[in-house]
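First comes the structure, then the notes that go with it.
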Amino acid sequence: MTAQTKKPGGWGAPVPKGLSGRNILPRTHAPLRTFMVAMAVMTYLAAVAIGGMFMTWRAIQIWKSGVVAEATVQILPLSEPEQNSGKAQKLPATDMNTRVQQAVRFLEKRPEVKSLRVLTDRENRALLQPWLGDVSIMQDVPLPRLIAIRLNPERKIDIAALDRALRAAVPGARLDAHGRWVRALSHMASTVFWLGLGILAAIIIAAVVLVVHAARAALESNRETIEVLHLVGARDSFIARQVQRLFLRAGFLAGMLGVAAAWLTFALLALLAPAEGIREGAWQLLFGAPEKIAYHYGAWLIIVLTATTISLLSARTAAMRILAEMFAEP
Amino acid sequence: MTAQTKKPGGWGAPVPKGLSGRNILPRTHAPLRTFMVAMAVMTYLAAVAIGGMFMTWRAIQIWKSGVVAEATVQILPLSEPEQNSGKAQKLPATDMNTRVQQAVRFLEKRPEVKSLRVLTDRENRALLQPWLGDVSIMQDVPLPRLIAIRLNPERKIDIAALDRALRAAVPGARLDAHGRWVRALSHMASTVFWLGLGILAAIIIAAVVLVVHAARAALESNRETIEVLHLVGARDSFIARQVQRLFLRAGFLAGMLGVAAAWLTFALLALLAPAEGIREGAWQLLFGAPEKIAYHYGAWLIIVLTATTISLLSARTAAMRILAEMFAEP
Amino acid sequence: MITLENVGVRYGTGPEILRDVSFRLAKGEMAFLTGPSGAGKTTLLRLLYLALRPTRGLIRLFGEDVTAVSRARLPELRRRIGVVFQDFRLLDHLTTFENVALPLHVAGVRADEYRDNILELLEWVGLGDHVNAYPRVLSGGERQRAAIARAIVSKPHLLLADEPTGNVDPQLARRLLRLFVELNRLGTTVIIATHDASLIAATPGARVMTLHQGRLSITPAGEAA
Amino acid sequence: MITLENVGVRYGTGPEILRDVSFRLAKGEMAFLTGPSGAGKTTLLRLLYLALRPTRGLIRLFGEDVTAVSRARLPELRRRIGVVFQDFRLLDHLTTFENVALPLHVAGVRADEYRDNILELLEWVGLGDHVNAYPRVLSGGERQRAAIARAIVSKPHLLLADEPTGNVDPQLARRLLRLFVELNRLGTTVIIATHDASLIAATPGARVMTLHQGRLSITPAGEAA
Ligand SMILES: Nc1ncnc2c1ncn2[C@@H]1O[C@H](COP(=O)(O)OP(=O)(O)OP(=O)(O)O)[C@@H](O)[C@H]1O
Ligand SMILES: Nc1ncnc2c1ncn2[C@@H]1O[C@H](COP(=O)(O)OP(=O)(O)OP(=O)(O)O)[C@@H](O)[C@H]1O
Ligand SMILES: [Mg+2]
Ligand SMILES: [Mg+2]
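Chains as they are written, first to last, in our numbering: chain A, 1 to 330; chain B, 1001 to 1330; chain C, 2001 to 2225; chain D, 3001 to 3225.
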């Protein structure tokens, strides 16, 4: 039946404290709770999605700096075009060495190149083995010389331009940056990234729709209270302040809760995820280098602030609409 | 003030129709609307996430069948180990040809291999050119022979096992499936896939929490109605039926709305996305081959059914809890 | 029909609202329940319409021990009891007609069987013009009459009316009282909680039960104060 | 103080509830508003507490044309009007004390300034034991008294009471009436809508306004029916 709640006071009760410093709108109310749950859930999802985006982003970065940064420069043996008939003519070793030195000097000056190393003849042959079999059988065949370089991962690198410059500077030199594979991977990574961004956008739009609606509904269920406040002489500003206080608190708490839950989710991932990459990524997300996680925590802070602002504004607008209906023109 | 709504009838009004076939619980109610919005938003997110997962999945499949399916078999020139000192000894050409034939026969019988082609000497040299420079200079050097094969993309292929079998069957043969790159890509793809699955799981858990809560809140705001029904002699089963009817409708409508919105989102992506891959993926998701999109539409149907079931069950449970409180033991 | 023996009620840890209330009401009797505001009239009625279990004592209704009755049997008992709540408890989203039809509808009666009946009843209580109006646009007295119509529409065996004339004018109050008396004449046991002495004075055949400080004193029928 | 000239009210497309209502009430007068249920008493009061705009006619309150008053000035006017609503309109999540304190709180009065005042008032209306109780656990009459206390706590210039004694016993009703009379003696203009003829009879100095079929007839002070 109707609430047979305990009468809080009544017989020999303490002296009542009055209303100062107390919120006049009810704090514990099913629709307000629904609003808070909705807000918490949506901030949770937004925080998880943003965290996931950061993780993907960092994974792509790391992967790029690991794989894309590797490239090989080949210095090919030159054949005299006019001597292309008949037996192969050995080119003088000095020529090849000169060109290798040229290439090294050229590369060392380029800002894109982080480090380089001329492979030894042994390494050279080991690299070619998959293609040529046991290269000991062609001890005398002139082989291209290879220079392994690491590119600077922080810079955006125009591989094609570097290749062109290299070819112009050193005859017979060419740059192999595993272009096809890198392109495939980059393409996939960016597809995934945009897809993720799309889902994030969907979450944020959905969150705003839901949360604005829930705030309105929560306030709608306080219509009676607002009417009574108005009827006993409260100014619109007073009522708006009450509403704002209530929803500031509710939105902030719910936002914090959602972000905290997201944080916990990533912490669990960092400890328990089956894939090592995800564990590592989640760990970096939460406890990585300060200058990097500043972005992550910053984004989460922005989520909480946005949540608070949205709840504040939507509740205030709803309150003002309700107030405007009172004693309006018929 | 109190609703100065138009009096619907009253003076010379139509004969009232009674309550049969009419839902006794109010359909238009802020908390019920919040529940429906919450349900629609969460099914929307779930449907978008699942659609995104399917898109990623298919993208990975296509990519795999395009890139992973290519492999090369090399038949290396054999050197007699006992003759490893001194000059290289030319192996008889027939031996190489025999081994190529052996390899072709072996590969043709393997179900993993879709097609194969022995490269001509010219193609062979063209392939090696990046490594060896102008190969005309080493006309007489024995080169490995290459067989380009396409693997069967529909089958799960154990590259390592195939390589082992090949090496055992044909001396000097080896399979190069671009292992390192494929592993990097596979790793990334599966990381992304699991991350997506994680976000989907987060969405679904959040959806259940939110929606169950909203359903309870909506019913809680109908407590007075439920009490009155009980007091005028309605059986629990009657009330439960009313609640179920209301939430069956609400859950189903909201679920359909959410999935329809997701469908529209993907349709927009299919038409307007900036990246071609996403346009194509979204198109395949919605209008692809019937046997494939059956899964997509099936998943969305399951979402709607789950939404309906969750709303039904949570509302029913809440109703039963409210009913159990009536005239309970003190 | 109704037997109360040493019934006591206490809300939470508060004082006893009802103390050692005992009375017996035979089928077809009519009684007024009176007493100062806050004396426990509504509480006593809530015991009788099975919304509240007594803290102690025995209540028998229709020959059944109420404290031992199972939840599953509640609807059956309720259908034999009509209640006019002090705060009306109309459903805001149903029209007057639908509100009044509710007890019949939940009992499974078909609309064509009760329609004329209800329209006639609404006419009698003066709501003929408000058949399709929603409670929110009714005046206080109109709501009260709708609540009365709902309580009596199913011709219950027991009618409990809590302050049923607090919001209507004296003429209308007497008209409504006649409705209760008529129902009583047809066999319904009627208990009316009221502050209105003129109502009691107008019904010489009724018993008057007075609550004061949690105790019940009974004036036999015909000796109305 | 209050002037109505040819005021008419119609809800939506319904019939006119009030027709050509004109009257004038000077500062410090006391008046009863009576008439059958559904006659439009609450509607007339809603006009006076600025919850409803008339369909036609002129209303002047405290010397101001009510139909021309701006929204921003409403709170100021409201603070000079106390209202006892027919359905009480207490806030369920506030205690009796807090409900009664509400008009003072929204006007910016500090708690220590009004506490003793309110406790005394609650004692007087018989709610001394229910200071910290929430409305849901109050009896009907107790709620009504809380509503009355809230209406008069700020000693308004105009008091509008809609059926303020419908849920209390006659002794208590007279006690509450004395409260209104006392307030009136201190200068408050009082209008009480009621069905209770004994209340009117007990106040010979008051005017009686009777609504019937939307028209208002006025019995001058001292000639109570
Ligand atoms: N749910 C409740 N919890 C605690 N106390 C309650 C509850 N309901 C009523 N009371 C208290 O019990 C006492 C009796 O209430 P009840 O409603 O029975 O009085 P009543 O005789 O109907 O009064 P009225 O004539 O004013 O309606 C009152 O003091 C009230 O405050
Ligand atoms: N918001 C509204 N919309 C439409 N009609 C209304 C509305 N409020 C009241 N009415 C109608 O106006 C008429 C007068 O109502 P009002 O509440 O003023 O009567 P009253 O004199 O206070 O009656 P009572 O004594 O029963 O409280 C009634 O017939 C009622 O149905
Ligand atoms: Mg009562
Ligand atoms: Mg009224």
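Ideal Cβ placement from N, Cα and C applies to all residues, glycine included. Since the structure is predicted, the reported quantities are computational estimates derived from the model, not experimental observations.
Looking at residue i and ligand 3, is the gap between the Cβ and the nearest heavy atom below 7 angstroms?
i	result
C/Q1970	Look at the range of chain C in this structure, 2001 to 2225, and you will see that residue 1970 of chain C is not part of it.
C/D2162	yes
For residue i, collect the residues of the same chain with a Cβ closer than 6 angstroms to its Cβ; drop the 5 residues on either side in sequence, then sort them by chain order.
i	result
B/E1080	Reliability fails at B/E1080, whose pLDDT of 48 lies under 50, so the model's placement of it is uncertain and the value that follows must be treated cautiously. There are no such residues.
B/A1299	I1050
B/N1222	L1025
B/H1230	M1326
B/I1322	R1223 and I1226
Pull up the DSSP beta-bridge partners for residue i, would you.
i	result
A/L146	A/Q74
C/R2215	C/H2212
C/D2065	C/R2060
D/V3009	D/L3018
D/T3189	D/L3158
A/L151	A/V113
A/R235	According to DSSP, A/R235 bridges with nothing at all.
C/T2003	C/R2024 and C/R2060
Could you name the residues of the same chain whose beta carbon sits closer than 8 angstroms to that of residue i, not counting the 5 residues immediately before and after it, in chain order?
i	result
B/V1170	I1075, R1099, Q1102, A1103 and F1106
D/T3095	V3131, N3132, A3133 and Y3134
B/M1001	Caution is warranted here: a pLDDT of 40 is assigned to B/M1001, below 50, making its placement in the model unreliable, and the coordinate value is therefore given only provisionally. Once the five neighbours on either side are set aside, B/M1001 has no close Cβ partner at all.
What does a CB cutoff of less than 7 angstroms around residue i pick up in its chain, not counting 5 residues either side in sequence?
i	result
C/L2227	In the structure displayed, chain C extends from 2001 to 2225; residue 2227 of chain C sits before or after that span and is not available.
C/Y2114	A2101 and L2104
D/S3217	T3210
B/K1087	Bear in mind that a pLDDT of 44 at B/K1087, under 50, signals an unreliable position, so the number given afterwards is only what the model happens to contain. Result list for B/K1087: empty, nothing under 7 angstroms.
C/A2173	T2165, D2196 and L2199
A/A215	F35, F247, S311, S314, A315 and A318
C/A2026	M2001
Does ligand 4 have even one heavy atom less than 7 angstroms from the beta-carbon of residue i?
i	result
D/T3042	yes
A/E220	no
C/G2140	yes
If you follow the alpha helix (DSSP H) that residue i is in, where does it begin and where does it stop?
i	result
A/S115	Unbroken run through A/S115 is the beta strand (DSSP E), V113 to V118; no alpha helix (DSSP H).
A/A103	A93 to K109
D/H3105	T3096 to V3106
A/M320	P290 to A324
What residue range does the beta strand (DSSP E) around residue i cover?
i	result
D/T3034	M3030 to T3034
B/L1275	According to the sequence displayed, residue 1275 of chain B carries Ala and not Leu. Run containing B/A1275: none; DSSP gives neither H nor E here.
B/L956	Residue numbering for chain B in the displayed model covers 1001 to 1330; residue 956 of chain B lies beyond these limits and cannot be assessed.
C/V2084	I2081 to V2084
Using 7 angstroms as the cut-off, classify the Cβ of residue i as near or not near the heavy atoms of ligand 1, replying yes or no.
i	result
D/H3093	no
D/N3167	yes
C/G2008	no
C/A2031	no
C/V2208	no
C/G2014	yes
D/H3130	yes
D/V3100	no
Ligand 2 and residue i: does any heavy atom of the ligand fall closer than 7 angstroms to the residue's C-beta?
i	result
D/Y3011	yes
A/E325	no
D/I3017	yes
D/G3038	yes
### Task
Please name the residues in the region 1205-1224 of chain B whose beta-carbon is closer than 7 angstroms to at least one beta-carbon of chain A, in chain order.
A1206, V1209, L1210, H1213, A1214, A1217, E1220 and S1221
### Task
Determine which residues of the region 1226-1253 of chain B have a Cβ less than 7 angstroms from any Cβ of chain C, and write them out in chain order.
V1228, L1229, L1231, V1232, G1233, A1234, R1235 and F1238
### Query
Just by C-beta distance, which residues in the region 2086-2110 of chain C are closer than 7 angstroms to chain B?
R2089, L2091, H2093, T2095, F2097, E2098, A2101, L2102, P2103, H2105, V2106, A2107 and R2110
### Task
Could you please tell me which residues of the region 31-57 of chain A, in chain order, have their CB closer than 7 angstroms to any CB of chain B?
P31, R33, T34, V37, A38, V41, Y44, L45, V48, A49, G52, M55 and T56
### Query
Of the residues that make up the region 283-313 of chain A, which ones have a beta carbon closer than 8 angstroms to any beta carbon in chain B?
none
#### Entry: Contact set between the region 3124-3153 of chain D and chain A, restricted to residues whose Cβ is under 8 angstroms from the partner
D3129, H3130, V3131, N3132, A3133, Y3134, R3136, V3137 and R3150
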